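Residue numbers 1 to 78, in full-length UniProt numbering, belong to the letters of the sequence shown in order.
Ideal Cβ positions, reconstructed from N, Cα and C, are used throughout, including at glycine.
Please read these numbers as outputs of a predicted model, since none were measured by experiment.
A quick write-up on the structure given underneath.
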Amino acid sequence: MDKNQLKEELIQFIYLNCKKICGALIGLIIGVLILTIGFFKTLLLFITTLVGYYVGSRWRFEEDLKDFILRIIPERFK
Numbered sequence: 001m002d003k004n005q006l007k008e009e010l011i012q013f014i015y016l017n018c019k020k021i022c023g024a025l026i027g028l029i030i031g032v033l034i035l036t037i038g039f040f041k042t043l044l045l046f047i048t049t050l051v052g053y054y055v056g057s058r059w060r061f062e063e064d065l066k067d068f069i070l071r072i073i074p075e076r077f078k
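This is how it looks when you write it as structure tokens:
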């Protein structure tokens, strides 16, 4: 078996099992976080990440950011 064939089989395996691999990686990351920083800090990190994801998905980024910046900048600099 040469390198190119092995590479193609690996790419096909990853493509067919993408959700399983992503789930395993997320589980690994959560496990490492719990072992290193503790359960409650990991839970807080997870909750703040979900809140950030929710806010980011609901926020019209370009329009709201422009309005936000224009509100912060004093009138003399506009």
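Short check: CB of residue i to CB of residue j, under 8 angstroms?
i	j	result
LEU33	THR42	yes
ILE21	ILE30	no
Identify whether residue i lies in helix, strand or coil by the three-state DSSP scheme.
i	result
ASP64	helix
ILE14	helix
GLY52	helix
GLY31	helix
ILE73	coil
GLY23	helix
Return the CA-CA distance between residue i and residue j, expressed in angstroms with no decimal places.
i	j	result
GLY23	LEU70	41 angstroms
residue 82	TYR53	Here the chain has residues from 1 to 78 only, and residue 82 is not among them.
Should residue i be counted as a contact of the ligand NAP given a C-beta to heavy atom distance under 7 angstroms?
i	result
ILE73	Of the ligands one can find in the structure shown there are none, so the ligand NAP has no counterpart to examine.
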